[in-house]
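Report on the following structure.
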Amino acid sequence: MRKKQTLTWRNKSRPYLFLLPSMTGVGIFIFFPFLDVLRRSFLDAMGADYVGMENYLTVIGKSSFQLAVWNTVRFIAVCIPLLMVLSLAIAVMINGITKLRELLKTVFLFPMAIPVASIVVLWRLVFDSSGFLNQFIDTFHISPVDWMNGPSAFYVLVFSYLWKNTGYDMVLWLAGLYAVPESLYEAARIDGAGRKDCFIHITLPMLRPTAAMLAVLSLVNSFKVFREAYLIAGDYPHKSIYMLQHLFNNWFVKLDIQKMSAASVMMALTVALIMIGVHMSNEKKT
Amino acid sequence: MKRKHNWTVAGLAVLSSVIWFPLFYMAGQSFMGNWELIQNTGAVLSGTKGRVHFALLPRFPTLSPYVELLLDSPGFFVMFWNSCKQVFPILAGQLLLGMPAAWALGRYRFRGRSFIMLLYMILMIMPFQVTMVSGYLVLKRFQLLDTHLALILPGIFNTFPVFIMTKAFAGIPDSLMEAARIDGAGEFRIFFSIGIPMALPGIISAMVLGFLEYWNVIEQPMTFLKTKSLWPLSLYLPNITSDKINVSFAASIVMMLPAVLLFLWGQKYLEQGIAASGLKE
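The listed protein sequences correspond, in order, to chains X and A.
In this text, residue positions in the first sequence follow the working numbering: the first is 1409, and each later residue adds one.
In this text, residue positions in the second sequence follow the working numbering: the first is 8, and each later residue adds one.
This is the structure:
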């Protein structure tokens, strides 16, 4: 009797045993420090007195914060639909061919392997005010543009984001496309549906769950565009690409823990709510 | 039908040139001598007056940029080595601690499982900026700031590889486990002799994705490492390229090389890993 009890206890505790090392580290380095930051976001600069929402109100009131949020939201709103449509188009095209298929997949995925630091020198050559792009448009008698120091900096960043991420999203779309049962298409064809009908009425609805998670992953990756922005344009780039990442960085240099804490909490909440939303809608469907 | 097919291939080939063309250009520049490079790119890269000249291939190909980089740039070596010292311990730690966690999440049903899973998923998609202050404070308390460990320890506990490996373990057919259990194998034994070998492709995917991520890391060293001699190549490279125009392209190519080779070898795993990163459990 006693032996049986210890045995089930052992069985029950086993998964926790496997999890323990990982969870301890996650707790020490990520989770509890973040709870500490949550606590600090309600305290004053000395970390002694409770000040309620004051830090939050200060942060929200800052014009630099508003600019950074606006730019980040604008970047995401422009990039993610563009990226999703472009990568879907490429995935559908690749799915429809047999010749050169693997080679083309390799090429589109390639930028994932290219460290930002090693391609930055080329972006500078292209987008500098005396760079290749200006020289090129000069042949059409268009006056040169200082790409990185004007509103166009935003689009340079959009371009480098698309360059880097199209392959990743293409693979996710392809995985979604493979999962659509061939029998659905066959049935539709027997009913006389054309290729366009098949795409609109079968492929797109079947890809909906893929699209939701793809949007989330693209969102995560969009924050990494800071790497390009920073390496090309530095701490204080043109104000059209001054994003939350820059703001955090500059507050960090001043060690402005209060503002950073409040801003981190708001950012974490936003991301967590999006994640939980996607998670719940996926659970519901399956 | 056949013709349509060819048009698609042609269209894709044109689109893909946006990707291979820059890389081809970089490779070409890396074999140019100092004089030719300055003539072609000096107007942008070193501020000499004049125009940039577009040339895909060197007129006088030479290995001298590589020779100079490998023999004459001690800084480059230090940074290259720093990158290795940071990336490989992170990957080793992710294997050692992440694999058992993934095994638990992928193979057992227990109380709290779905909560832990959701927590790990939320943590894995958090942008670096969210954990920037908390990371700084905890590393400061342990006096780890400005050491390699400031990158390595938080890197090990990234929950993304756990997620990928969880999917790999969950995909192993139950019958295999049952058979081993009937033969009297213990749970640890099953983990090592069935779990790990069967989930190996997924584990490799997680490692390939991890390498590409950490070889390219910018934000973390920028925040947690003050001393430039500890910087990884990914952060330091732009400094080299603006100081020494003659090695700039060679340095970029050498930095790409490990990532590109790994990519060419492990593209299959990479694709599996990406597909598994689809957030559905």
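By construction, the Cβ of each residue, glycine as well, lies at the ideal position given by its N, Cα and C atoms.
Best match in the options for proximity to residue i [C-alpha to C-alpha]
i	options	result
X:GLY1584	A:GLN36, A:GLN279, A:PHE28, A:CYS91	A:GLN279
X:PHE1535	X:MET1556, X:LEU1496, X:MET1501, X:SER1526	X:MET1556
X:SER1672	A:GLY54, A:TYR143, A:ALA175, A:PRO245	A:TYR143
A:PRO265	A:TRP110, A:ILE171, A:PHE95, A:ASP153	A:PHE95
X:VAL1628	X:GLN1653, X:PHE1607, X:ARG1616	X:GLN1653
A:GLN46	A:MET263, A:ILE260, A:VAL267, A:ILE252	A:ILE252
X:PHE1426	A:GLY162, A:LEU103, A:ASN223, A:PHE38	A:LEU103
X:PRO1589	X:LEU1615, X:PHE1437, X:TRP1571	X:LEU1615
A:TRP14	X:GLN1666, X:ILE1505, X:SER1630	X:ILE1505
A:THR173	A:TYR32, A:THR234, A:ARG114, A:ILE211	A:ARG114
A:PHE149	X:ILE1468, X:PRO1441, X:LYS1420	X:PRO1441
X:LEU1582	X:SER1648, X:LEU1541, X:ILE1522, X:THR1618	X:THR1618
A:LEU70	A:ASN41, A:ALA17, A:LEU52, A:ARG58	A:ASN41
X:LEU1533	A:PHE84, A:VAL21, A:GLY119, A:LEU44	A:LEU44
X:ARG1422	A:ILE97, A:SER80, A:ALA111	A:ALA111
A:ASN165	X:TRP1417, X:THR1432, X:GLU1636	X:THR1432
A:LYS275	A:ALA175, A:PRO134, A:GLY209	A:GLY209
X:VAL1416	A:LEU207, A:PHE117, A:HIS155	Note that residue 1416 of chain X is Thr in the sequence shown, not Val. Taking only the C-alpha atoms, the option nearest X:THR1416 is A:PHE117.
X:TRP1571	A:SER24, A:PHE87, A:MET262, A:ARG188	A:SER24
X:GLY1558	X:LYS1662, X:ALA1620, X:LYS1647, X:VAL1566	X:LYS1647
X:ALA1525	X:GLY1600, X:ILE1598, X:GLU1636	X:GLU1636
X:ALA1476	X:VAL1679, X:ILE1649, X:GLN1666	X:ILE1649
A:PHE38	A:PHE61, A:PRO68, A:ASN246	A:PRO68
A:HIS60	X:PHE1544, X:SER1568, X:ALA1587, X:ILE1684	X:PHE1544
A:PHE199	A:PHE28, A:MET106, A:THR55, A:LEU19	A:MET106
X:ALA1561	X:THR1574, X:GLY1642, X:MET1621, X:VAL1661	X:GLY1642
Within chain A, partners of residue i - CB distance below 7 Å
i	result
X:LYS1507	VAL16
X:SER1551	Under the 7 Å cutoff, chain A gives no residues; its nearest Cβ is about 16 Å from X:SER1551.
X:PRO1423	ALA111, TYR115, PHE117
X:ARG1635	ILE225
Which residues DSSP lists as bridging residue i, in chain order
i	result
X:TYR1458	X:LEU1451
Rounded Cβ spacing between residue i and residue j (contact assumed at less than 8 Å)
i	j	result
X:ALA1623	X:MET1520	Not quite, the Cβ-Cβ distance comes to about 19 Å (not below 8 Å), so this is no contact.
A:ALA157	A:PHE231	4 Å
A:ILE281	X:LEU1580	6 Å
A:ASN89	A:LEU237	6 Å
X:ILE1498	X:PHE1516	6 Å
X:PRO1552	A:SER241	Not really, about 31 Å apart at Cβ, beyond 8 Å.
A:ILE159	A:GLY202	In fact, because the Cβ distance is near 26 Å, the residues do not count as touching under 8 Å.
X:SER1705	A:VAL51	In the structure as shown, chain X starts at 1409 and stops at 1694, and residue 1705 of chain X therefore has no counterpart that could be examined.
X:PHE1437	A:PRO161	5 Å
X:VAL1467	A:VAL140	Going by Cβ atoms, the distance from X:VAL1467 to A:VAL140 rounds to 13 Å, so no, they are not a contact pair.
Partner residues on chain A for residue i, Cβ-Cβ distance less than 9 Å
i	result
X:GLY1558	Residues of chain A passing the Cβ test: none, with the nearest at roughly 17 Å.
X:TYR1638	ILE225, GLU226, MET229
X:ILE1527	PRO29, LEU30, MET33, SER259, MET263
X:ARG1614	Rather than Arg, the amino acid found at residue 1614 of chain X in this sequence is Met. In chain order: nothing, as chain A lies at least about 14 Å away.
X:VAL1628	MET131, ILE132, MET133, PRO134
Contact list for residue i against chain X, beta-carbon separation under 8 Å
i	result
A:ARG58	SER1538, GLN1543
A:VAL25	TRP1571
A:ILE163	GLY1433
A:VAL51	ARG1532, LEU1533, ASP1536, SER1538, GLY1539
A:SER37	Correct list: empty, because the minimum Cβ distance to chain X is about 10 Å.
Where residue i meets chain X, residues with beta-carbon distance less than 7 Å
i	result
A:HIS12	ILE1505
A:LEU183	Those within 7 Å of A:LEU183 in chain X number zero; the least Cβ separation is about 18 Å.
A:THR166	VAL1434
A:MET133	ALA1676, VAL1679
A:THR154	Within chain X, no residue comes near A:THR154; the closest Cβ sits about 14 Å away, beyond 7 Å.
A:VAL140	VAL1445, ILE1665, MET1668, SER1669, SER1672
A:LEU281	In the sequence as presented, Leu is not what sits at residue 281 of chain A; that position holds Ile. What A:ILE281 touches in chain X: TYR1576, VAL1579, LEU1580.
A:GLU194	ARG1422
A:VAL85	Chain X residues near A:VAL85: none, gap ~15 Å exceeds 7 Å.
Under 9 Å by beta carbon: chain X residues contacting residue i
i	result
A:ALA257	Ordered by position in chain X, no residue passes the 9 Å Cβ test against A:ALA257, which lies about 11 Å from the chain.
A:GLU278	LYS1513, LEU1517, VAL1579, LEU1582, ALA1583
A:PRO204	Per Cβ cutoff of 9 Å: no residues; A:PRO204 is ~17 Å from chain X at best.
A:TRP238	By Cβ distance, chain X contributes nothing, its closest Cβ being about 11 Å from A:TRP238, past 9 Å.
A:PRO107	LEU1425, PHE1426, LEU1427, LEU1428, PRO1429, SER1430
Neighbour list for residue i in chain A, Cβ cutoff strictly below 8 Å
i	result
X:THR1618	GLY285
X:VAL1524	ASN223, ILE225, SER241
Every unbroken alpha helix (DSSP H) within the stretch 46 to 133 of chain A, with a cutoff of 4 residues, ordered by chain: When DSSP assignments are scanned along the stretch 46 to 133 of chain A, the uninterrupted stretches of alpha helix (DSSP H) that are 4 or more residues long and fall wholly within it turn out to be 71 to 79, 81 to 100, 106 to 114, 120 to 132.
Start-end ranges of the alpha helix (DSSP H) lying completely within the stretch 1486 to 1527 of chain X, minimum 4 residues: Within the stretch 1486 to 1527 of chain X, the complete alpha helix (DSSP H) runs of at least 4 residues are 1509 to 1517.
Alpha helix (DSSP H) segments (min. 4 residues) lying fully within the stretch 133 to 216 of chain A: You should have 139 to 148, 156 to 163, 167 to 177, 181 to 189, 194 to 197.
Residue ranges of each alpha helix (DSSP H) within the stretch 212 to 280 of chain A, 4 or longer: Inside the stretch 212 to 280 of chain A, DSSP marks whole alpha helix (DSSP H) runs of 4 or more residues at positions 226 to 231, 240 to 250, from first to last along the chain.
3 or more residues per run - each beta strand (DSSP E) lying fully within the stretch 1523 to 1587 of chain X: Listed in chain order, nothing qualifies, since the stretch 1523 to 1587 of chain X has no complete beta strand (DSSP E) run of 3 or more residues.
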